Ligand SMILES: Cc1ncc(C[n+]2csc(CCOP(=O)(O)OP(=O)(O)O)c2C)c(N)n1
Ligand SMILES: Cc1ncc(C[n+]2csc(CCOP(=O)(O)OP(=O)(O)O)c2C)c(N)n1
Ligand SMILES: [Mg+2]
Ligand SMILES: [Mg+2]
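Residue numbers (the numbering used here), protein chains in the order written: chain F, 95 to 453; chain S, 95 to 453; chain H, 90 to 417; chain L, 90 to 417.
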C-alpha cells in the first residue's frame, strides 16, 4: 500500500512538526519567598532522590532487570517534591501509574520500591503490584492507580473519612493533564466541593496525554485550571518546574483543606524529559520544545537558587553523594531479593490472607 | 427503634421544608419576538399534544393499563416544543427515559407511542422497549435512554456522522439537571467542542434530581450553564416554561451547529408539575414552590400570548379539540393492540432479525 | 417475632448494624430524605442523621470511589447503587479498583464495604432497569456476592456482609420486595458462604437464587404431585460458594438443575454445573440442565418479560421432560 | 505470500477494509499519529488521513458513544479501547447501550461497529493492564466476541467483524503480537462462528482461545509422546459459538478440556463445559476439566504471572493426571 512518510504530510500526521510549546522563564523573585532554608534543603534532597532513583531505574530497564512497563517523572520532580513538602506525615497521597516520584517524596523506602520494580519478593508489594501500583500505607501513600480517573474519586473517600473521623488529615491526588478529560475527574471534583472535603487535586500538566498533545484533545487551554470554575473553585496555575512555587501554592491549599474550608485544584505546568513509558522514545515532540524544557530542568535551577541563598556548594554535593549511596544500596537490596514463589501467588485476595472462593 | 418524625427535624431531613425556589416572572416582551405566527400556532398545538397525551397516559396508569414505570414531562412541555420547532425533519434527537414529550414533539405518532406504554405489539417498539425507550428512527428520534449520561456521548456520534457524511443535520440531546454531575456529561461536552460537532445539548433544569434538590448536590448554581466555560462554550439560560424563549435560543444554537460552527449548550429552567415517575407523589417539594410554578404553567401563559397576538380564541379551542380527538384515537389504537407473543420474544437481537448465539 | 417485608428488612438490617457500629456510614442517590426509590432505607436518616446517611449526586464513580477511600482508611461503608444495571457506569471502580487493590498491595489495604443494589426483573422496566447481573460480580476475583431470597436472610446476610472485612456486592431483588415473613427478635447475624436446603428431596436437585427460589419451590411442589421428589437449594451467596452443600445434594439425587435469572451465557449456573460435572461426574444419572433467561436483553412488555424469566411452570416442565429423556 | 506479524496484521486487516469501504472510520487514543501504543495501527493515518483515523482524548465513554451514534446513523466504525481492562470505564455504553439498543427498539437501529482492544497477560503489567475479559463480553446478550490466535485470523476475522452488521468486541492478544506467519496475497475474509480444529486427535479434546491455543498445541505434542492423542480446537469466536465443531470433537474423544486465560469463575470454559455436559453427556468417558487462571487478580512479577496463566506444562500435566484418574 502507498505509504508516504509522515514528515511529508505535516503536523496533522506528525506532532513533532507542530509549533513547540515553550516554558515560561524562571521567576527569580521566588528566591525571596518565605520558605525555611531547611524546607528548601529538604526539597533539594528530594529532588535528588527522585532523580537519581529514576535514573537508576531506567538503567535497570535497559539491562532488562525491570520487566513490564514503567513511567518515569524525570524532569517533573518539582511537583511531587513541592507538594510533599507541604504535607504532614499522616496525610494521604494518591498517585497514578507514574508514581515512583510521589511514593519516594512521601517517604517510601528506596529498597522495597526498587525491589518492586524488579518484581522481587522483598518489593514493597511482594512483587504483586509492580511499578504502576506502588503503595505504602505506613507512609500515607495510599496507592498508585493505573486506570485513568478512578483515584480522584478514591482520594475523596480518604478525605471524607478524615472529615468523619474528625482528624485534620488531608488527601492529595496527583494526576495528569490527559486525565482531566475523563468522566471520573468531573464526578470527583463536584463531590469534593459539595461535601467540602479536605482534598487537594494536583494536575501535573506535562503537555502530553501519552503521545498526543493535550491542546489537540482538550476544549480549553489549561485542562485543569480552566475547569476550576465549573466547580466554584479558583483557577490556580504554578510553574511545575519550580519547587518553591509548587510548595507555596500547595501550602495554601493544604492549609485551606485542613481548616475545613474544602478542596482546591492546582495545575502545575511541567514536562517530562523522557518518553511516556519504557517503550516510548518520545519522538512525537518538537526537538526545540524538548530542548527548551531541558534548559528549564528543575534541578540545576534549584541548585543555583540554593547557592544564591548562601548554601555552600559542598553541602549540596554532600546531599547528592548521600543520595547516590542510598540508590546504590537500594539497587543491591533489590537485586538480592529472590523472585516471589508459589507460596505468595494465592495470598491476600481476602482480608484473611487467602483467596478461597469455595468450601 | 426510636423514629422521630422528619418534620420535627427540619430541612436536612425533609426537603419540603427548604426555602422554595420560585420561578422568574414571564418576560412579556417575548410576545414581540420575531417568530412566525404559524410557528407559534404549531408550538401551541405541540404543547397541547404533549400535555393531553401525558394526562391520558397518567389516567391509564391509574387504571393500571400501563405497567412498569413512566416519567412525565407535565409542566415541562415548553422545552421539547420550543427546541423541536427549531429543528428540521432529518435532524437527530436523543432523549432520556423522560422522553414521551420529545418523541411526540419530533413527530412520533400517538397511537404507536401509547401502545408502547401499554406494552402492546402495535407499540412503536413492539412492546420490547416500553415507556423509557421510545424511538422512531423514521422521525429522527434516535432513542430514549434510561441510564443517565450515555446518550450525550451517543448524540455526539450522530453529529459526527452527519459531519462526515457532509449533510447539514444537527443532533440534539435533551437531559436533566442531575445529569450534569455524571462523568459522561463531561466527556461528551469536551469531545463535541474539540471536534466542532453539530450538536446542541439541552439541559432541562427542573430543579430536582429525582427526589433531591439539585442545588444540594451540585457545586455550581446553574448545573449546565455554569459548566459551559469549562468547554469554552457560552453560558445560555432560558425560561424553560416559555416556548418562545426556548425557540429563539434553540434556533440560534441549531443554526450555529448547521453552519459548522460547533456545539452549544442551553439550560432551560423549568419544573415538573407532577412526581419524578409513576411511583412518586413528589412530597419532597415545598408546597409554595409547587404552587408558584403551577401558576407559571406554560400552556395558559402561551394561550394568553396567542390571544394577545390576535389569534381568535376559537382557533385555539379548535386545536385543543383536534388534539383531544387524536389522544382518544391513540388510546383506542393502543387498547386494541394485543399483547406481544412468543413469536417476537427472540427476534431483533441481531441485524438478521434473530437472536442465535450458536449453531 | 415481628412480621417484616423484604423491603423493610433492608432498612431493619442496616439499622441493626448502624446501632452496633457508630462508624458505619451509608451513601447513595435519594437514600436519605426520600428513603430510597424502593423505600428500602426509610427511617435511617431520621435515626442516624445526615452525616451517616448521605444523599449523593448522580455520580456512581464518585459514590463508589468515596466508599472505597473511606473503607480503606478505616470507615466501614454501605453504598447504594440504585439499580444493578448501573453497576456498569462504575464498573471500573468495582472490578478494577475495589476488587483488586488488596491483592495488588499485597494486603496493605482492606475494604469493609457493602455495595447494595436492586437487581432483577419482573417490574416491566425494560432492558436497562431489570437485569440480573449477579454473574457480572461473580466473575471478578476479589468480590463477594450475596443475593438473599427472604426477609430474614436480608437482615442476617446484610449483617454478615457489613461485618465481613472484604467488599461484598449485595443484590436485593425488586420482585421480592413486597414479600413478608416473621423475623425473630433480637440481633440477627448470618454467615456468608452457606447455601440452604430449603426443601429436601431425593430424585433431583434444583439450585436457585433470589427470585428463582420461590419459583423452584413451587415447581418442586408440583413435581411432588408427579411423584418426583425435588431437593431445592437456595444458593444465597455466590462467593464464597457453598460447593459442599451443592455437591452433597447432586451426589444424593444424581440429577442436577440450576435456575438462573441472569442471561444464559457465562451465568452462575454454568459455573456451578461445571463444578458438579467435574466433581460429581460418576454420581450423575443424567445431564445437568440450566434453566435460564434466554440470551437476550430483557423486554419490557409484561407478556414478553414473563416468557423470558424462568417461571415455576418452565422449571416444572423442564425437569419432567429431562427425566423422561433420561429414562428413554 | 507475505510474512506478517500478528501486530502488523491488525493494521493490514483494517487497511484492507478501509480501502474497500471509504465510509469506514476509526477512533481511539494515540492510534493516529503514534500508530497505537502497541503499534497495531501504524501507517493508517498516512494512508487514510486524519478524518478517518482519529486521535481522541482519554474519554472512553465518549469514544464508544461516538462510535455507537455514528454506526446507528450509517457510518461503520472501528473503535479502539487501548487495554481490555479499560472496557470497565465504558461498560455502560457497551453492555447497556450498544448491546441492547437494537432489541429495545425492535430492530430500528443496527450497529456496524467493531470494538478492538488489547487483551491478556504475559507482559508483567499487573492486575489493571493484563486481564483477559473475553467472558465479560460473552456474558452480554447482543455482543459478538472474537479472539484470533494467528496473524491470518487477525486479518480474516477483522474483515468478518467489520462486515458484520452487529457490534463485535475484537480481542487482540498482547502476548501474540510478535508472532509471525505467512499470509496469502489478495483479500482475506473469514467467517464468524467457525471454530477450527488445529490438531486432530482421538483421545481427548482441548478447546482453547487466543494465547492458549499455541500452548494447547505444545501440550498436545508432548501428550503425543505419552501416547495420548489430543485434538486441539481454536474456538476463535465465542459469540457466535461453534458448538457443532466442539460437540463433534467431544463426542469423538469422550474427554473434554478447556484452557482459559480469564479468571476461573463464570469463564467461557464454564459455558462450553456446561453445553458439552448437557448435550454430549452420554458420550463422555470422564469429567470435563477447565484449566484456567486461578480466581485472583493477576500479579505483576514475572515469576508469579507465569504461575497464574495456564502454561503448556500445566495443560499437559492436567490432562495426564485426569486420564489416570479416569482410568482408576
Ligand atoms: C481509562 C484509561 N484510559 C487509557 C489509559 C492508557 N493511558 C495510560 S497513561 C495515559 C496518558 C495519561 O496522560 P496524562 O493524564 O497527561 O498523564 P501523564 O502520563 O502525562 O503523566 C493513557 C491514555 C488508562 N491507563 N486508563
Ligand atoms: C447512571 C444512572 N444513575 C441513576 C439513575 C436513576 N435515575 C433515573 S432518573 C434520575 C434523576 C435524573 O435527574 P435529572 O437528570 O435532573 O432528570 P429529570 O428526571 O429531573 O428530568 C435518576 C437518579 C439512572 N437512570 N442512571
Ligand atoms: Mg500528561
Ligand atoms: Mg431534574
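C-beta atoms are modelled at their ideal positions from N, C-alpha and C, and glycine is treated no differently.
Since this is a predicted model, take the numbers as computed values, not measurements.
Between the alpha carbons of residue i and residue j, how many angstroms are there, rounded?
i: residue 320 (chain S); j: residue 255 (chain H); result: 40 Å
i: residue 115 (chain L); j: residue 166 (chain L); result: 6 Å
i: residue 135 (chain S); j: residue 404 (chain S); result: 12 Å
i: residue 85 (chain S); j: residue 302 (chain S); result: Outside the displayed span of chain S (95 to 453) sits residue 85 (chain S), for which this structure offers no information.
i: residue 222 (chain S); j: residue 241 (chain S); result: 17 Å
i: residue 245 (chain L); j: residue 277 (chain L); result: 5 Å
i: residue 350 (chain F); j: residue 314 (chain S); result: 20 Å
i: residue 385 (chain S); j: residue 133 (chain H); result: 30 Å
i: residue 113 (chain S); j: residue 377 (chain S); result: 14 Å
i: residue 265 (chain L); j: residue 96 (chain L); result: 8 Å
i: residue 295 (chain F); j: residue 268 (chain F); result: 6 Å
i: residue 121 (chain H); j: residue 191 (chain H); result: 30 Å
i: residue 219 (chain S); j: residue 172 (chain H); result: 23 Å
i: residue 180 (chain H); j: residue 177 (chain L); result: 5 Å
Take residue i and list the residues in its own chain whose beta-carbon comes closer than 6 Å to its own, dropping the five residues that flank it on each side.
i: residue 227 (chain S); result: 238
i: residue 144 (chain S); result: 171, 195, 198
i: residue 236 (chain H); result: 223, 260, 298, 299
i: residue 140 (chain F); result: 175, 199
i: residue 137 (chain H); result: 107
Beta-carbon within less than 8 Å of residue i's beta-carbon, same chain only, minus the 5 sequence neighbours each way: which residues are those?
i: residue 247 (chain F); result: 278, 281, 282, 285
i: residue 250 (chain H); result: 203, 233, 235, 257, 259, 281
i: residue 274 (chain H); result: 90, 91
i: residue 412 (chain H); result: 292, 293, 317, 344, 375
Any heavy atom of ligand 3 closer than 6 Å to the CB of residue i?
i: residue 271 (chain F); result: yes
Can residue i and residue j be called in contact, C-beta distance under 7 Å?
i: residue 238 (chain L); j: residue 302 (chain L); result: yes
i: residue 347 (chain L); j: residue 328 (chain L); result: no
i: residue 361 (chain S); j: residue 316 (chain S); result: yes
i: residue 199 (chain L); j: residue 445 (chain S); result: yes
i: residue 252 (chain F); j: residue 210 (chain H); result: no
i: residue 219 (chain L); j: residue 351 (chain L); result: no
i: residue 466 (chain H); j: residue 408 (chain H); result: Outside the displayed range of chain H (90 to 417) lies residue 466 (chain H), so it cannot be described from this structure.
i: residue 224 (chain S); j: residue 389 (chain H); result: yes
Residue i: beta carbon under 6 Å from a heavy atom of ligand 4?
i: residue 300 (chain S); result: yes
Hey, is residue i close to ligand 2, as in C-beta under 6 Å from one of its heavy atoms?
i: residue 118 (chain H); result: yes
i: residue 193 (chain L); result: no
i: residue 143 (chain H); result: no
i: residue 242 (chain S); result: yes
i: residue 171 (chain H); result: yes
When you measure from the CB of residue i to every non-hydrogen atom of ligand 1, does any distance come out below 6 Å?
i: residue 304 (chain F); result: yes
i: residue 266 (chain F); result: no
i: residue 115 (chain F); result: no
What are the start and end residues of each continuous beta strand (DSSP E) run of 3 or more residues lying completely inside the stretch 156-220 of chain L, in chain order? 166-172, 202-208
In chain order, what are the residue ranges of uninterrupted beta strand (DSSP E) at least 3 long that sit wholly in the stretch 326-384 of chain L? 326-328, 345-352, 378-382
For the stretch 284-325 of chain F, which segments carrying the beta strand (DSSP E) assignment without a break, of at least 3 residues, lie completely within its bounds, in sequence order? You should have 293-299.
Pick out the complete beta strand (DSSP E) segments inside the stretch 110-157 of chain L, 3 residues or longer, and give them in chain order. 114-117, 142-144
So within the stretch 246-277 of chain F, which uninterrupted beta strand (DSSP E) runs reach at least 3 residues, ignoring any that extend past its ends? 265-270
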